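Peer 1: In UniProt numbering, the protein residues as written are 244 to 600.
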Ligand code: M6R
């Protein structure tokens with residue numbers, strides 16, 4: 244039940260710190276070490292390539308998961324949109340391992356790929372929030388999200404849970420493969436829980452941003468580089484699906500190759516700057532659009548901030564920033580939808596799980 248909350252979406256956004264703690268608990272052994280089923284760690288470790296297949300928000304989580312698995316476990320990863328993969332399968336490696344990411348575990352597009360790769364004799368791991376769901380039953384292995392039921396059509400806590408579970412999977416696989424990891428993931432996830440709480444306590448600021456930038460606009464752009472780009476894709480999907488504002492997530496450096504033509508006087512540009520190595524370049528991209536009249540809203544991370552930034556999120560480990568940097572976007576989308584009097588929990592034309600191909 245949504246209790247005192249006006250919408251499930253807001254309740255589910257607020258549940259994210261608790262979900263982080265639940266996930267840590269669920270994947271920790273008595274000695275406090277992160278663990279997953281031995282067979283899963285072995286299957287991923289032995290793969291010569293991991294194929295992540297998903298749709299929508301779960302696909303966006305997969306893009307972050309790719310970075311984790313490549314950076315921590317040092318296994319090459321491809322991420323595919325399920326509906327494309329099924330009709331246009333890439334040349335597969337010799338020993339592939341498939342990871343299906345699905346909140347509901349019922350998405351037909353993802354299931355079609357699972358059926359196809361099982362016919363080819365490949366192994367599959369499903370990461371889902373729903374035990375006993377179709378994708379869980381039909382895969383060889385399952386990792387659960389422990390996010391609790393997600394009712395709002397717009398996925399929020401499942402996205403951060405997917406990212407956390409992918410981080411744990413990458414971390415445990417890395418250890419299995421004797422790759423050294425120079426940070427303590429349990430400790431970092433703890434820091435993230437606290438940072439998430441601080442962001443959930445800053446609702447008024449995100450409401451103000453939504454009011455200022457998004458209450459009348461027809462369109463909006465989310466820009467970022469590397470991980471921030473992927474979070475921008477998710478921010479734009481959230482905004483589109485519940486506020487009906489035409490929004491696009493873009494890689495900061497790619498704008499000037501065409502899309503910058505869309506920038507007009509006052510076009511909102513929401514830029515994310517949480518990555519040290521691209522901080523200067525994303526700020527350069529913001530200057531390029533400001534010179535064409537855009538109205539910039541920069542959200543940066545503590546330690547990388549500059550004077551005009553609209554909001555500064557607490558510092559967390561550089562690889563794990565999506566877990567926190569998405570929260571401003573979730574809340575901005577929520578308030579934009581509210582201000583525009585949209586049905587937040589049940590946006591038009593959408594169902595919670597898409598069970599047709
Ligand atoms: O249940 P799934 O994770 O497989 O669903 C995939 C997408 O349909 C889903 O993430 C959709 O994009 C959400 N409504 C986004 O908020």
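We treat Cβ as the ideally placed atom computed from N, Cα and C, and that holds for glycine.
Keep in mind it's a predicted model, so treat the numbers as computed, not measured.
Less than 6 angstroms separating the Cβ of residue 350 from some heavy atom of the ligand M6R?
Peer 2: Translated into the one-based positions of the chain shown, residue 350 becomes position 107. At least one heavy atom of the ligand M6R is nearer than 6 angstroms to the Cβ of residue 350, so yes.
Peer 1: Quick check on the DSSP output: the alpha helix (DSSP H) that includes residue 527 runs from which residue to which?
Peer 2: On the chain shown, position 284 is the one that residue 527 refers to. Membership of residue 527 in the alpha helix (DSSP H) is indicated by the continuous run 522 to 533.
Peer 1: With a threshold of 8 angstroms on Cβ separation, who are the neighbours of residue 246 within its own chain once the five nearest residues in sequence on each side are excluded?
Peer 2: One-based indexing of the chain shown puts residue 246 at position 3. Excluding positions up to five away in sequence, the list reads 254.
Peer 1: Starting from the Cα of residue 523, find the closest Cα among 472, 577, 468 and give me that residue.
Peer 2: Here residue 523 refers to the residue found at position 280 when the chain shown is read from its first residue. Per the Cα distances, 468.
Peer 1: Within 10 angstroms of the Cβ of residue 338, are there 16 or more other Cβ atoms? Answer buried if so, exposed if not.
Peer 2: By 1-based counting over the chain shown, the position of residue 338 is 95. So residue 338 counts as exposed.
Peer 1: Using alpha carbons as the reference points, say which of 347, 384, 526 lies closest to residue 297.
Peer 2: As a working mapping, residue 297 is identified with position 54 in the chain shown. Of the candidates 347, 384, 526, the one whose C-alpha sits nearest the C-alpha of residue 297 is 347.
Peer 1: Would you say the beta carbon of residue 326 is closer than 6 angstroms to some non-hydrogen atom of the ligand ADP?
Peer 2: Questions concerning the ligand ADP fall outside what the structure shown contains, since the ligands it does hold are the ligand M6R.
Peer 1: Output the residue ranges of the alpha helix (DSSP H) runs that lie fully inside the UniProt domain "SIS" (452 to 590) and measure 4 residues or longer, sorted by chain position.
Peer 2: 470 to 486, 522 to 533, 565 to 582
Peer 1: Which same chain residues, not among the five before or five after residue 448, have their C-beta less than 7 angstroms away from its C-beta?
Peer 2: For the purposes of this step, residue 448 is identified with residue 205 of the chain shown, where counting begins at 1. Counting only Cβ-Cβ distances below 7 angstroms, and skipping sequence neighbours, we find 554.
Peer 1: Please work out which residues of its chain come closer than 6 angstroms, Cβ to Cβ, to residue 450, disregarding the five sequence neighbours upstream and downstream, and give them in chain order.
Peer 2: Taking the first residue of the chain shown as 1, we reach residue 450 at position 207. These residues qualify, in order along the chain: 578.
Peer 1: Kindly indicate the opening and closing residues of the alpha helix (DSSP H) around residue 418.
Peer 2: Here residue 418 is taken as the residue at index 175 of the chain shown, counted from 1. Looking at the DSSP string, the run of the alpha helix (DSSP H) that includes residue 418 is 400 to 419.
Peer 1: Is the beta carbon of residue 364 within less than 6 angstroms of some heavy atom of the ligand M6R?
Peer 2: Within the chain shown, residue 364 is the residue found at index 121, counting from 1. It does not: the Cβ of residue 364 is nowhere closer than 6 angstroms to a heavy atom of the ligand M6R.
Peer 1: According to DSSP, simplified to helix, strand and coil, what is residue 426?
Peer 2: Residue numbering aside, residue 426 sits at position 183 when the chain shown is read from its first letter. Of the three classes helix, strand and coil, the one that applies to residue 426 here is coil, per DSSP.
Peer 1: Would you verify that the beta carbon of residue 335 is, or is not, closer than 7 angstroms to some beta carbon of chain B?
Peer 2: Although the question refers to chain B, the structure presented lacks it and comprises just one protein chain.
Peer 1: What does the alpha-carbon distance come out to for the pair residue 317 and residue 480?
Peer 2: Here the question's residue 317 lines up with position 74 in the chain shown. Here the question's residue 480 lines up with position 237 in the chain shown. So the two alpha carbons sit approximately 30 angstroms from each other.
Peer 1: Spatial neighbours of residue 517 within its chain, please: C-beta separation below 6 angstroms, excluding the five flanking residues on both sides.
Peer 2: Residue 517 sits at position 274 when you count from the first residue of the chain shown. The answer, listed in chain order, is 471, 544, 564, 568.
Peer 1: Near residue 496, which residues of its chain fall below 8 angstroms by C-beta distance, leaving aside the five closest residues on each side in sequence?
Peer 2: Your numbering for residue 496 matches position 253 in the chain shown. Taken in chain order, the residues that qualify are 468, 524, 528.
Peer 1: Can you give the Cα-Cα distance for residue 483 and residue 490, rounded to whole angstroms?
Peer 2: One-based indexing of the chain shown puts residue 483 at position 240. One-based indexing of the chain shown puts residue 490 at position 247. Near 6 angstroms, if we compare the C-alpha coordinates of residue 490 and residue 483.
Peer 1: Among 514, 580, 581, whose alpha-carbon lies nearest the alpha-carbon of residue 548?
Peer 2: Numbered from 1 along the chain shown, position 305 holds the residue referred to as residue 548. Comparing Cα positions, the closest option is 514.
Peer 1: Alpha carbon to alpha carbon, how far is residue 459 from residue 583?
Peer 2: Stepping through the chain shown from its first residue, residue 459 is reached at position 216. Stepping through the chain shown from its first residue, residue 583 is reached at position 340. Near 8 angstroms, if we compare the C-alpha coordinates of residue 583 and residue 459.
Peer 1: Skipping 5 residues on each side, what residues in its chain have a beta carbon closer than 7 angstroms to that of residue 258?
Peer 2: Looking up residue 258 in the chain shown gives position 15. Counting only Cβ-Cβ distances below 7 angstroms, and skipping sequence neighbours, we find 391, 400.
Peer 1: Quick one: is the Cβ of residue 298 within less than 6 angstroms of any heavy atom of the ligand M6R?
Peer 2: Residue mapping note: residue 298 aligns to position 55 of the chain shown, counting from 1. Yes; taking the cut-off as 6 angstroms, the Cβ of residue 298 has a heavy atom of the ligand M6R nearer than that.
Peer 1: DSSP puts residue 339 in a beta bridge; with which residues?
Peer 2: As a working mapping, residue 339 is identified with position 96 in the chain shown. Answer is 292.
Peer 1: Where residue 355 and residue 292 are concerned, what is the direct C-alpha to C-alpha distance, given to the nearest angstrom?
Peer 2: Looking up residue 355 in the chain shown gives position 112. Looking up residue 292 in the chain shown gives position 49. Spanning the two alpha carbons is a distance of roughly 20 angstroms.
Peer 1: Please state whether DSSP places residue 385 in a helix, a strand or coil.
Peer 2: Taking the chain shown and counting its residues from 1, one reaches residue 385 at position 142. Strand.
Peer 1: Have a look at 445, 281, 410 and flag the residue whose alpha-carbon is nearest the alpha-carbon of residue 314.
Peer 2: Within the chain shown, numbered from 1, the residue matching residue 314 stands at position 71. Looking at the Cα atoms, 410 is the closest of the given residues.
Peer 1: Sorry if obvious, but does the Cβ on residue 555 come closer than 6 angstroms to a heavy atom of the ligand M6R?
Peer 2: Translated into positions along the chain shown, residue 555 becomes position 312. Result no, Cβ not under 6 angstroms from the ligand M6R.
Peer 1: Should residue 385 be labelled buried (16 or more other beta-carbon atoms within 10 Å of its own) or exposed?
Peer 2: To locate residue 385, count along the chain shown from 1; it is residue 142. The residue in question, residue 385, is buried, as its Cβ has 16 or more Cβ neighbours within 10 Å.
Peer 1: For a test of the three-state rule: what should DSSP assign to residue 279, helix, strand or coil?
Peer 2: For the purposes of this step, residue 279 is identified with residue 36 of the chain shown, where counting begins at 1. Coil.
Peer 1: When every heavy atom of the ligand M6R is checked, does at least one fall within less than 6 angstroms of the C-beta of residue 489?
Peer 2: As a position in the chain shown, residue 489 is number 246, starting the count at 1. No, Cβ of residue 489 sits at least 6 angstroms from all heavy atoms of the ligand M6R.
Peer 1: Take the Cβ of residue 398 as the centre, count every other Cβ of all protein chains shown within 10 Å, and call the residue buried at 16 or more, exposed below.
Peer 2: As a position in the chain shown, residue 398 is number 155, starting the count at 1. Answer is buried; the Cβ neighbour count reaches 16.
Peer 1: Under 7 angstroms between the Cβ atoms of residue 559 and residue 434?
Peer 2: Walking along the chain shown from the start, residue 559 turns up at place 316. Walking along the chain shown from the start, residue 434 turns up at place 191. Contact flag set, yes.
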